[in-house]
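Here the structure comes first, spelled out in structure tokens, and everything after it is commentary.
There are 2 protein chains.
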Amino acid sequence: MMYDKEQLSARIEAYMQALPFPQEPDTLYEPIVYSLERGGKRLRPLLAAMACNVFREEIDDVLPCAAAIEVFHNFTLLHDDIMDNAAMRRGKPSVQRKWGVNSAILSGDAMLIYAYRLLEQADTSLLPQILRIFNDTSLKVCEGQQYDMDFESLEHVPMTDYLHMIELKTAVLLAGATAIGAVIGGASEEDRGKLYTFAMQLGMAFQIRDDILDSYGTEATLGKKIGGDILEGKKTFLTTAAMETADADMRLKLAGLLHNRELLDETKIARVLDIYDRLGIRERAEKAVADYTAAALEALAGVSAPEERKGRLRDLAAALNGRMH
Amino acid sequence: MMYDKEQLSARIEAYMQALPFPQEPDTLYEPIVYSLERGGKRLRPLLAAMACNVFREEIDDVLPCAAAIEVFHNFTLLHDDIMDNAAMRRGKPSVQRKWGVNSAILSGDAMLIYAYRLLEQADTSLLPQILRIFNDTSLKVCEGQQYDMDFESLEHVPMTDYLHMIELKTAVLLAGATAIGAVIGGASEEDRGKLYTFAMQLGMAFQIRDDILDSYGTEATLGKKIGGDILEGKKTFLTTAAMETADADMRLKLAGLLHNRELLDETKIARVLDIYDRLGIRERAEKAVADYTAAALEALAGVSAPEERKGRLRDLAAALNGRMH
Chain P
1 MMYDKEQLSA RIEAYMQALP FPQEPDTLYE PIVYSLERGG KRLRPLLAAM
51 ACNVFREEID DVLPCAAAIE VFHNFTLLHD DIMDNAAMRR GKPSVQRKWG
101 VNSAILSGDA MLIYAYRLLE QADTSLLPQI LRIFNDTSLK VCEGQQYDMD
151 FESLEHVPMT DYLHMIELKT AVLLAGATAI GAVIGGASEE DRGKLYTFAM
201 QLGMAFQIRD DILDSYGTEA TLGKKIGGDI LEGKKTFLTT AAMETADADM
251 RLKLAGLLHN RELLDETKIA RVLDIYDRLG IRERAEKAVA DYTAAALEAL
301 AGVSAPEERK GRLRDLAAAL NGRMH
Chain F
1001 MMYDKEQLSA RIEAYMQALP FPQEPDTLYE PIVYSLERGG KRLRPLLAAM
1051 ACNVFREEID DVLPCAAAIE VFHNFTLLHD DIMDNAAMRR GKPSVQRKWG
1101 VNSAILSGDA MLIYAYRLLE QADTSLLPQI LRIFNDTSLK VCEGQQYDMD
1151 FESLEHVPMT DYLHMIELKT AVLLAGATAI GAVIGGASEE DRGKLYTFAM
1201 QLGMAFQIRD DILDSYGTEA TLGKKIGGDI LEGKKTFLTT AAMETADADM
1251 RLKLAGLLHN RELLDETKIA RVLDIYDRLG IRERAEKAVA DYTAAALEAL
1301 AGVSAPEERK GRLRDLAAAL NGRMH
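In the order they appear, the protein sequences are chains P and F.
Going by my numbering, the first residue of the first sequence is number 1, and it counts up by one from there.
Going by my numbering, the first residue of the second sequence is number 1001, and it counts up by one from there.
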């Protein structure tokens, strides 16, 4: 059958909640269960399940690998939170605030291994291919995180470098999830490649939408304060585009603003947004989201499956494009 | 052919040194190359290669998986060094001292994934089994490290708990390496089980020998100061046995000594060793090493292969038992 998004989400959530973890040592496994309980969009397993369901009526076989990707994703969040010294994650204290840094490191390590445990359940004939995609994807995510950290000490990052970073850090995992789902669904290599491209382009749109929402969303829908990226001086699509578009004077002014630690938060955010407005940065970012989404849909259109079977992925792309949080 | 230890070591070292790593981002891969360059005994890949060579003339096929285990082992050292805030590793600055904690976390993560990359090269028909052993082993190593951390806040750890901890933290990885080597060699399930037991018992002896050497070795052969464990108040076979053997008075005295931060290092070490002497702790530890080694050799004797093919593993067990560093 063809499952709709809610059905797939429910199946994934049920599977995630039922993941068996050893009881002991509880100091190792409690932080893992805590990390996985905290919800989130479950976007990556959803992509895997939808990609599988394009080609295959039943989706049971995709659940362990879909869960592996979600566990991996949550592992990266756990370790990223240590590196960023983040106090909160999805409205709850981060693992390192609750259990300490050492626990967070080690529980993260165990999570990563646990993700690979879940891959054991893949059909043995598909396992080599799945392991290859999973490894390739995971290593690239680490590379993306490294570039992100490296960028912190740079005044300005060229747009191509920024896009390469978010491709690795964010888009590749959506693409890997989708490709694994396609493999399990029995897609041809060509269709798998097209679905990989679809999700990669979607991932680029997804990250840039994230950057836009952080500056232009509303606190009510986003669930956190607006302007966090600006206050942290983070490199985003917006800062990168602005530094690239601005003339020498305005670039100096923007760099000074982003490093200014004396201004009131509201003032700082307002002044940065004012520069964005003058440079048309929001429009440029919206166009990038639209372009990446269009490229995603074009790749999806080339997948050799009946149009109605690709509908869920099309709807998901549209929903992510227009999302408010 | 049957390779001797030096030939196998040379093959493993050459393979390790030739491992291909991406150039970029160098900030991610340099710490990995640095970690793997630093040598060490290469005991785990050696066990894998020897176990393979018991059943099989050629050992090329075991090298990627043997290297995977060595990369995994070095990943655990890298992350352990963060958790212990260790300044040095094998006579060189630890990764987190050289590149910072965040780099050490992320490079460690990438190393763990890289270990799984190496498993991709396993024969596809063996991959499911190898992946299962590798995952099971790795997760147990994390559990062992967690117990080790948990023990830090305990006054006294029962001997059974201590032995369970070193089984997980140290012995299981030797056992997993050996089992994977046996699988690749084509061992029967029964022989694989016996070799697993062999290496597990050997691993117990290995760790207790480590504990003995830290207190009773010589700086010249050990390459570091004697008594480090005592100064750090670490739980070892020696402290555990002493706390268990001592009467109430002496236990109080020993606990007080181990927590004492005012005594000169030499005085503290001398007084703890004096208590060990009075309780016959060194002899008890030596007996434990001998017993575990005997159990290892007994398991090895049961492996259905010609005696001469098991000679390398027997020699290795003897060498580890009598080692000075």
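Quick reminder that beta carbons are idealized off the backbone N, C-alpha and C, glycines included.
Since the model is a prediction, treat every value here as computed from it, not as a measurement.
Any non-hydrogen atom of the ligand NAP within 6 Å of residue i CB
i	result
residue 1189 of chain F	Although the ligand NAP was asked about, the structure shown includes no ligands whatsoever.
For residue j and residue i, believed in contact at Cβ under 8 Å, the rounded distance
i	j	result
residue 180 of chain P	residue 69 of chain P	7 Å
residue 54 of chain P	residue 111 of chain P	Between residue 111 of chain P and residue 54 of chain P the Cβ distance is about 29 Å, and since that is not below 8 Å, they are no contact.
residue 1224 of chain F	residue 1303 of chain F	Actually they are not in contact, since the Cβ atoms of residue 1224 of chain F and residue 1303 of chain F sit about 36 Å apart, beyond 8 Å.
residue 119 of chain P	residue 134 of chain P	6 Å
residue 300 of chain P	residue 237 of chain P	No, residue 300 of chain P and residue 237 of chain P are not in contact; Cβ-Cβ is about 23 Å, not under 8 Å.
residue 217 of chain P	residue 324 of chain P	7 Å
residue 173 of chain P	residue 44 of chain P	6 Å
residue 257 of chain P	residue 1117 of chain F	The Cβ separation is near 43 Å, so there is no contact.
CB contact flag (residue i, residue j, <7 Å)
i	j	result
residue 1214 of chain F	residue 1228 of chain F	yes
residue 1136 of chain F	residue 142 of chain P	no
residue 1105 of chain F	residue 79 of chain P	yes
residue 1171 of chain F	residue 1149 of chain F	no
residue 1107 of chain F	residue 1028 of chain F	yes
residue 1122 of chain F	residue 1130 of chain F	yes
residue 1059 of chain F	residue 1049 of chain F	yes
residue 1279 of chain F	residue 1242 of chain F	yes
residue 1025 of chain F	residue 1103 of chain F	no
residue 1074 of chain F	residue 1035 of chain F	yes
residue 56 of chain P	residue 186 of chain P	yes
residue 16 of chain P	residue 66 of chain P	no
residue 1219 of chain F	residue 1226 of chain F	yes
residue 90 of chain P	residue 42 of chain P	no
residue 240 of chain P	residue 157 of chain P	yes
residue 145 of chain P	residue 169 of chain P	yes
residue 275 of chain P	residue 297 of chain P	no
residue 1328 of chain F	residue 124 of chain P	As shown, chain F starts at 1001 and ends at 1325. That puts residue 1328 of chain F outside it, with no answer to give.
residue 182 of chain P	residue 192 of chain P	yes
Proximity test, Cβ basis, 7 Å: residue i and chain P
i	result
residue 1120 of chain F	yes
residue 1130 of chain F	no
residue 1163 of chain F	no
residue 1102 of chain F	yes
residue 1124 of chain F	yes
Any chain F beta carbon closer than 7 Å to residue i
i	result
residue 79 of chain P	yes
residue 49 of chain P	no
residue 135 of chain P	yes
residue 110 of chain P	yes
residue 19 of chain P	no
residue 113 of chain P	yes
residue 267 of chain P	no
residue 127 of chain P	yes
residue 38 of chain P	no
residue 89 of chain P	no
residue 116 of chain P	yes
residue 105 of chain P	yes
residue 83 of chain P	yes
* To do: Could you list the residues in the segment 138 to 150 of chain P with a C-beta less than 7 Å from some C-beta on chain F, going in chain order?
  => 138, 139, 142, 143, 145, 146, 147, 149, 150
* To do: Could you tell me whether the segment 1248 to 1259 of chain F touches the segment 1158 to 1165 of chain F, using the rule of 3 or more Cβ pairs below 8 Å?
  => no
* Asked: Quick one, which residues of the segment 283 to 303 of chain P are near chain F if we go by CB-CB under 8 Å, in chain order?
  -> none
* Between the segment 1217 to 1232 of chain F and the segment 1262 to 1273 of chain F, are three or more C-beta pairs nearer than 8 Å? -> yes
* Give a yes or no on contact between the segment 274 to 294 of chain P and the segment 189 to 209 of chain P, applying the rule of three or more CB pairs nearer than 8 Å. => yes
* According to a CB-to-CB cut-off of less than 7 Å, which residues of the segment 1232 to 1263 of chain F neighbour chain P? -> none
* Asked: Closer than 7 Å, Cβ to any Cβ of chain P: which residues of the segment 1004 to 1031 of chain F, in chain order?
  -> 1025, 1027, 1028
* Using a Cβ-Cβ cut-off of less than 9 Å, list which residues of the segment 167 to 178 of chain P approach chain F; keep chain order. => none
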